[in-house]
Amino acid sequence: MEKKDNPSSDDASQTHDNYSQKGEDSANKKSSDNPFLTTKTTDARRYLEESATSKASHTEGTPRPLYGWIVGLISTNIDRDYRLFEGKNTIGRTHGNSIVINDSTVSKEHCTIMCQKGEMLIKDNNSTNGVIVNNKRVNDSTLLKNGDLLFLGDVAFQVVFYKRLYSRGQI
């Protein structure tokens, strides 16, 4: 199969449809205006089922609570999402970060998202190309909100809070 550099919107929607239907009973899916939220419900259900079976006490080797996701926007060729867990989530180009993004505009240790007390704070780690939240450059720790548009270099993401999906009954 030939790889396309710039997928069309039809290709993107087909990719999303394939992802959201894998192993998912269509009767269990919730509808949403935002197609990215549908993919998140499957992951969140799976996480809830896994964590419900074990009484994890946040020690080494046990899972941390899920806080949300950063969803790669297809227009920037990052067509995947990354889970954000309680505590420190480091994002960068090199291994050793919580989230590794293989893009030349992302610094080795680009930024940190701290998830605690029901909030997400993002901090630029002196990256070359900066962190932009809703078209404003981040210099200090900045509070993220559900739906914020986040740029790390040239890579765009949307912030999705787990708690927000849960309270809307989408999980």
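Per the working numbering, the sequence shown starts with residue 14, numbered consecutively.
No residue lacks a Cβ here, since even glycine has one placed at the ideal position from N, Cα and C.
Alpha carbon to alpha carbon, how far is residue i from residue j?
i           : j           : result
residue 102 : residue 135 : 9 Å
residue 151 : residue 158 : 14 Å
residue 96  : residue 107 : 17 Å
residue 100 : residue 169 : 22 Å
residue 81  : residue 154 : 18 Å
residue 66  : residue 149 : Only weak support exists for where residue 66 lies, its pLDDT of 37 falling under 50; the coordinates are left without a value.
residue 128 : residue 109 : 18 Å
residue 118 : residue 130 : 31 Å
Hey, could you find the ends of the beta strand (DSSP E) residue i is sitting in?
i           : result
residue 101 : 100–105
residue 114 : Segment: none, residue 114 is in no beta strand (DSSP E) and carries neither H nor E.
residue 155 : 155–157
residue 135 : 132–137
residue 168 : 168–174
residue 162 : 162–165
residue 84  : 79–85
Using CA coordinates, which residue listed in the options is at the minimum distance from residue i?
i           : options       : result
residue 105 : 147, 174, 138 : 138
residue 173 : 84, 119, 78   : 84
residue 147 : 78, 165, 97   : 165
residue 123 : 153, 142, 156 : 142
residue 76  : 98, 126, 125  : 98
residue 171 : 118, 125, 145 : 145
How about residue i: is its Cβ closer than 7 Å to a heavy atom in the ligand FAD?
i           : result
residue 122 : As far as ligands go, the structure on display features none, and thus does not contain the ligand FAD.
Are residue i and residue j touching if we call contact CB-CB under 8 Å?
i           : j           : result
residue 116 : residue 167 : yes
residue 132 : residue 162 : no
residue 175 : residue 79  : yes
residue 140 : residue 111 : no
residue 114 : residue 91  : yes
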